[in-house]
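In order, the protein sequence lines correspond to chains A and B.
With positions in the first sequence counted from 1, the corresponding number in the numbering used here is that position plus 5.
With positions in the second sequence counted from 1, the corresponding number in the numbering used here is that position plus 5.
For glycine and all other residues, C-beta sits at the position ideal for the given N, C-alpha and C.
Owing to the predicted nature of the structure, the values given are computational and were not obtained by experimental measurement.
Protein chains: 2
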Amino acid sequence: MKIGQLSQHTGVPTRMLRYYEEQGLLCAERDANGYRRYDQGAVHRVTQIRGLLDSGLTTEIIAKLLPYLDGPGQIHLHPQCLTPELAAMLRAEAARLGARIDCLSRNRDALLAYLDAVQPSTSDVILSSTAR
Amino acid sequence: MKIGQLSQHTGVPTRMLRYYEEQGLLCAERDANGYRRYDQGAVHRVTQIRGLLDSGLTTEIIAKLLPYLDGPGQIHLHPQCLTPELAAMLRAEAARLGARIDCLSRNRDALLAYLDAVQPSTSDVILSSTAR
DNA sequence: TCAAACCCTCACATCAATGTGAATGCAAAC
DNA sequence: GTTTGCATTCACATTGATGTGAGGGTTTGA
Numbered sequence: 006m007k008i009g010q011l012s013q014h015t016g017v018p019t020r021m022l023r024y025y026e027e028q029g030l031l032c033a034e035r036d037a038n039g040y041r042r043y044d045q046g047a048v049h050r051v052t053q054i055r056g057l058l059d060s061g062l063t064t065e066i067i068a069k070l071l072p073y074l075d076g077p078g079q080i081h082l083h084p085q086c087l088t089p090e091l092a093a094m095l096r097a098e099a100a101r102l103g104a105r106i107d108c109l110s111r112n113r114d115a116l117l118a119y120l121d122a123v124q125p126s127t128s129d130v131i132l133s134s135t136a137r
Numbered sequence: 006m007k008i009g010q011l012s013q014h015t016g017v018p019t020r021m022l023r024y025y026e027e028q029g030l031l032c033a034e035r036d037a038n039g040y041r042r043y044d045q046g047a048v049h050r051v052t053q054i055r056g057l058l059d060s061g062l063t064t065e066i067i068a069k070l071l072p073y074l075d076g077p078g079q080i081h082l083h084p085q086c087l088t089p090e091l092a093a094m095l096r097a098e099a100a101r102l103g104a105r106i107d108c109l110s111r112n113r114d115a116l117l118a119y120l121d122a123v124q125p126s127t128s129d130v131i132l133s134s135t136a137r
């Protein structure tokens, strides 16, 4: 897969794919002419990168986390590479993610509660109007 | 409360407090000399703003959501002001929050699963070694 | 009264993510 | 073989969230 196709499959501009590579988030083979060549997993990886960027993480943090987030199943574990410092950093990062999740959850729930208060969801309306 | 005290209570630089005001996230009375004067609720509001910013929302979105997130209990409801378009926008925003939450949750779980795989948590270790 | 500490506005600097364009090269189709 | 489209790199611009400093007024306390 060339960069244009990867861009089409993911909806991410080629400019950004090159940028992610420059930031160490994405790697590509090169064939003789210098064109980047991506394998199938790149699509998943790009969508994962986008999800994390949209969630407010920086490319720097994503680069540090990505090796440990590789898809379900194929966990990339080389315990001997996991220094205590690295483990601590990963735990701290997980805690930061947890804090974000909590903050967003609280606010989403508040938003939904408000909407439901002023404009009860359709099913409720039907129920309360037909049940009387 | 003047801006310096609010800054101390929240840990947010005065520069940022003024910026949030400029972006419509935070409002303040002015007293005769032109100094900003904040009430007690400002502390909560600022920490809420910071949480949302740290979660990757822009000031623009936060400004739109804030009126509907005002603390527990005191829900600021004026249903007659809630046009269908506004309601739809709020629902869309809630959905976006949900997507972020899911993405972050997935990745936090993956991270914790990895950590637990290579370095089981202390309690588990104790359990498995004392229970046999 | 004088200094220190606070406040104001204004403006320029920075950093990360992204847009955009120039100059150039390869490839497939006519 | 020339055109058309996609690829390359390089470089400058922009946007949003911040940092930082200049220049000037206010409050407070010795």
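- Within the stretch 100–124 of chain A, the residues whose Cβ lies closer than 7 Å to any Cβ of chain B are, in chain order, Leu-102, Gly-103, Arg-105, Ile-106, Cys-108, Leu-109, Ser-110, Asn-112, Arg-113, Ala-115, Leu-116, Leu-117, Tyr-119, Leu-120, Ala-122, Val-123, Gln-124.
- Neighbours of Asp-59(B) in chain A, taken as residues at a C-beta separation under 9 Å, are given in chain order as Gly-61, Arg-101, Ala-104, Arg-105, Cys-108.
- Burial state of Asn-38(B) is exposed, judged by a 10 Å Cβ sphere holding fewer than 16 other Cβ atoms.
- Of the residues assessed, Ala-97(A) falls on the exposed side of the cut-off, its CB having fewer than 16 other CB atoms within 10 angstroms.
- In this structure, the beta-carbon distance from Leu-31(B) to Val-51(B) falls below 8 Å.
- Burial is judged here by how many other beta carbons sit within 10 angstroms of a residue's own beta carbon; Leu-91(B) has fewer than 16 and is exposed.
- Note that the C-beta distance between Arg-105(B) and Gly-56(B) is not below 8 Å.
- Rounded to the nearest angstrom, the Cβ distance from Arg-41(A) to Lys-69(A) is 23 Å, too far for a contact under 8 Å.
- Excluding its 5 nearest sequence neighbours in each direction, Leu-74(B) has C-beta neighbours in its own chain below 8 Å: Gln-53, listed in chain order.
- With 16 or more other Cβ atoms from the protein chains shown falling within 10 Å of its own Cβ, Ala-99(B) counts as buried.
- The beta carbon of Tyr-43(A) sits closer than 6 Å to those of Met-6, Leu-11, Ala-33, all from its chain and outside the five residues before and after it, given in chain order.
- According to the DSSP assignment, Lys-7(B) belongs to no alpha helix (DSSP H), since it is labelled neither H nor E.
- Contacts between Tyr-73(B) and chain A, judged by CB atoms closer than 9 Å, involve Ala-115, Leu-116, Tyr-119, Leu-120 in chain order.
- Unbroken alpha helix (DSSP H) runs of no fewer than 4 residues, entirely contained in the stretch 18–90 of chain B, are found at 19–27, 46–59, 64–74, following chain order.
- Excluding five sequence positions before and after Pro-18(B), the CB atoms of its chain that fall closer than 8 Å to its own CB belong to Ser-12, given in chain order.
- For Ala-93(B), the closest C-alpha among the options Tyr-25(A), Leu-116(A), Arg-111(A), Gly-46(A) is that of Leu-116(A).
- Distance from the CA of Asp-36(B) to the CA of Arg-20(B), rounded to the nearest whole angstrom, comes to 19 Å.
- At a cut-off of 8 Å between C-beta atoms, Gly-56(A) counts as an interface residue with respect to chain B.
- If you draw a straight line from the Cα of Gly-29(A) to the Cα of Glu-65(A), it is about 9 Å long.
- The three-state reading of DSSP puts Gly-16(B) in coil, since its state is none of H, G, I, E or B.
- In the same chain as Leu-58(B), and ignoring 5 residues on each side of it, the C-beta atoms closer than 8 Å to its own belong to Thr-64, Ile-67, in chain order.
- CA-to-CA, the gap between Gly-46(B) and His-14(B) works out to about 12 Å.
- Contact annotation, Arg-113(A) with Gly-103(B): C-beta distance approximately 6 Å; criterion of less than 8 Å satisfied.
- Interface residue (Cβ-Cβ distance to chain A less than 8 Å): Glu-65(B) is not classified as such.
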